[in-house]
Amino acid sequence: MAKTQESAAVLKDRARRMKWWHDARFGMFVHWGLYSQLGRHEWAMNRERIPISEYEKLADSWKVKPRPAREWAALAKKAGMKYMVMTTKHHEGFCLWDTQQTAYNAVKRGPHRDLVAEYVDACREFGLKVGFYYSLMDWHHPDGARCAKDEKARRRFLDFTHGCVRELMSNYGKIDILWYDVAWPFSTPEGWESKKMNAMARKLQPDIIVNNRSWLPEDFGTPEEHIRAEDAGRAWEACMTFNGSWGWLPTPPEDWHSVRKVLDMLRQVSSEQGNLLLNIGPKPDGSVPELANERLSAVGKWIAKNGEAMYGAVDRCGGRFEWMNTGAYTLKKNSLYYWCSRWPGKELAIGGLKGSLRKVTRLDTGANVKFRQEKFRVLLQGLPENCPDKVAGVVVFKLDFASAPRQELGTGYVVL
Ligand code: JFZ
């Protein structure tokens, strides 16, 4: 993505709009649509080359339980997530809201309900910020592909696309995130008239945060299925599936991220000032998959005690603090958080920490931990023989230093 020179005013406005998002750290992605009925990944239409006329029948067979979005929002809240992003329209082209742009929508067909309105209400009920995912690519719209080669088709398709975005930004009150996806078939912002489209979105929603998938960098980057920080100064959010598919796909338990894995993802993003947008693909009727429910509930239980190590103003420390044999770090100013995920027994040795250590506490209990600081080593002492964290086997020690700590690991033997 091309770097743009941005004025101080733009940067200041972005910092204002994004404060809550940086503090939030953790959000829920929801992929739900006609494809959920198939249970074979949200790309089934394309991968199986299902003819449009056949696929369209899914619009009438879609049966949805009452208010499933309340279940997602309740779980998100319980899991320690602070925002949600839901697919208002995925590549299949079916609109989940009451749109005037096409009759292929959830009010005119199958559910006969505005599923976006229900989702927005649920977010608000549970105090979560509201994000809309919108796929620019559209496999159903007659101009969705030919717009690349036919100027009249492009005009029609852009009127449709901008019209959809306008409705989403106008009809549901305050929206916090606009999350575009797959900007095919155009390969430039000019093709989509993205500048104009995003200016319109910002005019209607002055506080909105926009992702980088309309061929413009906008507010944040979106590494997908991997956790890698963007350049310093650029906000970023890793989006991750729970079990390898965004849309509902029943898979064995071992394919789902473990509680420990999710906590490690949270630590990783926190150590680089990023966010984690973790996906659930609800079942056809909107129910939360059992394994997502189970694991996210445990994640929330853990975060309730240890959240201080991830929420709020963290510092980037990835490059400065290397991996350890028993855990890894997050950092906030003079406080280093050691996420111990391989319990060593009664004594925990952490090598290479420089700076005067003042105090060590355990986040789960708040108890002080006895310690000894040597030249190149900190020893935490008097610990239980077995890992005391029964939720996930991860204990966070908060190490308060007199000034910002550093790490000096050295390459060979430490000669004292
Ligand atoms: C897209 C979608 O195709 C997918 O179904 C899902 O919605 C996901 C969140 O986004 O997939 C992508 C988009 C971008 C990249 C990879 C997959 N990418 O930039 O590498």
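In short: position in the sequence shown from 1, add 16, done, that's our numbering. Don't be surprised by glycine CBs; every beta carbon is placed ideally from N, CA and C. Values in this document were obtained by computation on a predicted structure and should not be read as measured data.
1. Under the rule that 16 or more other beta-carbon atoms within 10 Å means buried, what is Pro84, buried or exposed?
2. Of the residues Gly367, Lys348, Ala25, Lys35, which one's Cα is nearest the Cα of Thr342?
3. My assumption, with CB atoms under 8 Å, is that Ala60 sits in contact with Arg125. Please give the rounded CB distance.
4. Using 7 Å as the cut-off, classify the Cβ of His273 as near or not near the heavy atoms of the ligand JFZ, replying yes or no.
5. I'd like to confirm something about Thr206: is its beta-carbon nearer than 7 Å to some heavy atom of the ligand JFZ, or not?
6. I believe Cys333 touches Leu347 by the beta-carbon criterion, under 8 Å. Please report the beta-carbon distance rounded to the nearest angstrom.
7. Check each candidate in Ala169, Asn295, Ala365 and name the one with the smallest Cα separation from Gly157.
8. Alpha carbon to alpha carbon, how far is Val315 from Glu141? Give it in angstroms, no decimals.
9. For Val198, is the classification buried or exposed, using 16 other Cβ atoms within 10 angstroms of its Cβ as the cut-off for buried?
10. Tell me whether Val385, by its Cβ, gets closer than 7 Å to a heavy atom of the ligand JFZ.
11. DSSP three-state label for Gln289, please.
12. Between Asp441 and the ligand JFZ, is there a pair consisting of the residue's CB and a ligand heavy atom that are separated by less than 7 Å?
13. What do you reckon, is the C-beta of Cys255 under 7 Å from a heavy atom of the ligand JFZ?
14. Nearest to Arg422 by alpha carbon, out of Leu364, Val385, Tyr345?
15. Quick check: is any heavy atom of the ligand JFZ less than 7 Å from the C-beta of Glu58?
16. Kindly indicate which three-state DSSP category Met44 falls into: helix, strand or coil?
17. What's the call for Glu58, buried or exposed, on a 16-neighbour Cβ count within 10 Å?
18. Spatial neighbours of Leu265 within its chain, please: C-beta separation below 7 Å, excluding the five flanking residues on both sides.
19. Measure from the alpha carbon of Lys35 to the alpha carbon of each residue in Val376, Asp223, Asn309, then state which is nearest.
20. Check this for me: beta carbons of Leu50 and Phe110, under 8 Å apart or not?
21. Under DSSP, the alpha helix (DSSP H) around Tyr149 begins and ends at which residues?
22. Have a look at the DSSP bridge pairing and note the partners of Met100.
23. Counting Cβ pairs, one atom from each stretch, are 3 or more of them under 8 Å apart for the region 35–47 and the region 291–306?
24. Thinking C-alpha only, which one of Glu22, Phe42, Ala31, Ala25 is nearest Gly323?
25. Give me whichever residues DSSP pairs with Gln423 in a beta bridge.
26. For the ligand JFZ, I want to know if Met197 counts as a neighbour, meaning its beta carbon is within less than 7 Å of at least one of the ligand's heavy atoms.
27. Using a Cβ-Cβ cut-off of 8 Å (strictly less than) and excluding sequence neighbours within five positions of Gly143, which residues of its own chain qualify?
28. At a threshold of 7 Å, does His3 count as lining the ligand JFZ (C-beta to nearest heavy atom)?
29. Closer than 8 Å is the cut-off here; do at least three beta carbon pairs connect the region 63–78 with the region 281–294?
30. Looking at Ser151 and His178, is the spacing between their C-beta atoms short of 8 Å?
31. Less than 8 Å between the CB atoms is what I'm expecting for Leu373 and Phe417, so what's the real figure, rounded?
32. Any heavy atom of the ligand JFZ inside 7 Å of the beta-carbon of Glu246?
33. What is the rounded straight-line gap between the Cα of Leu415 and the Cα of Asp380?
34. Answer with buried or exposed for Gln221, where buried requires no fewer than 16 other C-beta atoms within 10 angstroms of its C-beta.
35. DSSP three-state call for Gln117: helix, strand or coil?
36. Where does Met256 fall in DSSP's three states?
In terms of the structure at hand:
1. Taking the first residue of the sequence shown as 1, we reach residue 84 at position 68. Looking at its Cβ environment, which holds 16 or more other Cβ atoms inside 10 Å, Pro84 is buried.
2. Against the sequence shown, residue 342 aligns to sequence position 326. When each option's Cα is compared against that of Thr342, the closest is Gly367.
3. If you number the sequence shown from 1, residue 60 lands on position 44. If you number the sequence shown from 1, residue 125 lands on position 109. Incorrect: roughly 18 Å between the Cβ atoms, too far for contact.
4. As a position in the sequence shown, residue 273 is number 257, starting the count at 1. Every heavy atom of the ligand JFZ is 7 Å or more from the Cβ of His273, so no.
5. In the sequence shown, residue 206 corresponds to position 190, counting from 1. Checking the displayed sequence, the identity of residue 206 turns out to be Glu instead of Thr. Flag unset: Cβ of Glu206 not near the ligand JFZ.
6. What you label residue 333 is simply residue 317 of the sequence shown in a count that begins at 1. What you label residue 347 is simply residue 331 of the sequence shown in a count that begins at 1. Confirmed, about 4 Å.
7. Translated into the one-based positions of the sequence shown, residue 157 becomes position 141. Note that residue 157 is His in the sequence shown here, rather than Gly. Among Ala169, Asn295, Ala365, the Cα nearest to that of His157 is on Ala169.
8. Taking the first residue of the sequence shown as position 1, residue 141 is located at position 125. Taking the first residue of the sequence shown as position 1, residue 315 is located at position 299. The alpha-carbon of Glu141 is positioned some 21 Å away from that of Val315.
9. Here residue 198 corresponds to residue number 182 of the sequence shown, with the count starting at 1. Val198 should be labelled exposed.
10. Within the sequence shown, numbered from 1, the residue matching residue 385 stands at position 369. No; taking the cut-off as 7 Å, the Cβ of Val385 has no heavy atom of the ligand JFZ nearer than that.
11. Counting from one through the sequence shown, the residue named residue 289 turns up at place 273. Of the three classes helix, strand and coil, the one that applies to Gln289 here is coil, per DSSP.
12. The structure shown does not extend to residue 441, since the chain spans only 17 to 432, so no value can be given for it.
13. On the sequence shown, position 239 is the one that residue 255 refers to. Correct: Cys255 has its Cβ closer than 7 Å to the ligand JFZ.
14. Numbered from its first residue, the sequence shown carries residue 422 at position 406. Per the Cα distances, Tyr345.
15. Numbered from 1 along the sequence shown, position 42 holds the residue referred to as residue 58. Under cutoff, so the answer is yes.
16. Position 28 of the sequence shown, counted from the start, is the residue given in the question as residue 44. Note: Met44 maps to strand in three-state DSSP.
17. By 1-based counting over the sequence shown, the position of residue 58 is 42. Buried: at least 16 other Cβ atoms inside 10 Å.
18. Taking the sequence shown and counting its residues from 1, one reaches residue 265 at position 249. So the qualifying residues of the chain are Gly55, Arg56, His57, Asn259, Gly297.
19. Residue numbering aside, residue 35 sits at position 19 when the sequence shown is read from its first letter. Among Val376, Asp223, Asn309, the Cα nearest to that of Lys35 is on Asp223.
20. The count along the sequence shown starts at 1 and reaches residue 50 at position 34. The count along the sequence shown starts at 1 and reaches residue 110 at position 94. Taking 8 Å as the Cβ cut-off, Leu50 and Phe110 qualify as a contacting pair.
21. To locate residue 149, count along the sequence shown from 1; it is residue 133. Tyr149 -> not in any alpha helix (DSSP H); beta strand (DSSP E) instead, spanning 145–151.
22. Numbered from its first residue, the sequence shown carries residue 100 at position 84. Partner(s): Met44, Val146.
23. The region 35–47 vs the region 291–306: in contact.
24. Your numbering for residue 323 matches position 307 in the sequence shown. Here the closest residue by C-alpha is Phe42.
25. The sequence position of residue 423 within the sequence shown is 407, counting from 1. Per DSSP, Leu369.
26. Working through the sequence shown from its first residue, we reach residue 197 at position 181. Per the sequence presented here, residue 197 reads as Asp, with Met not at that position. Because some heavy atom of the ligand JFZ lies under 7 Å away, the Cβ of Asp197 counts as near it: yes.
27. For the purposes of this step, residue 143 is taken as the residue at position 127 of the sequence shown. If we look at Gly143 and ignore the five residues flanking it on each side, its Cβ neighbours are Lys93.
28. No answer is possible for residue 3: the residues shown for the chain start at 17 and end at 432.
29. No contact exists between the region 63–78 and the region 281–294.
30. Locating residue 178 in the sequence shown gives position 162, counting from the first residue. Locating residue 151 in the sequence shown gives position 135, counting from the first residue. Against a cut-off of 8 Å, the Cβ pair of Ser151 and His178 comes out as no contact.
31. The sequence position of residue 373 within the sequence shown is 357, counting from 1. The sequence position of residue 417 within the sequence shown is 401, counting from 1. With a Cβ gap of about 6 Å, Leu373 and Phe417 count as contacting.
32. In the sequence shown, residue 246 corresponds to position 230, counting from 1. Answer for Glu246: no, Cβ out of range of the ligand JFZ.
33. The count along the sequence shown starts at 1 and reaches residue 415 at position 399. The count along the sequence shown starts at 1 and reaches residue 380 at position 364. Separation of Leu415 and Asp380 (C-alpha to C-alpha, rounded to the nearest whole angstrom) is 14 Å.
34. One-based indexing of the sequence shown puts residue 221 at position 205. Buried: at least 16 other Cβ atoms inside 10 Å.
35. Here residue 117 is taken as the residue at index 101 of the sequence shown, counted from 1. The answer is coil: DSSP assigns Gln117 none of H, G, I, E or B.
36. For the purposes of this step, residue 256 is identified with residue 240 of the sequence shown, where counting begins at 1. In the structure shown, Met256 falls within a strand segment according to DSSP collapsed to helix, strand and coil.
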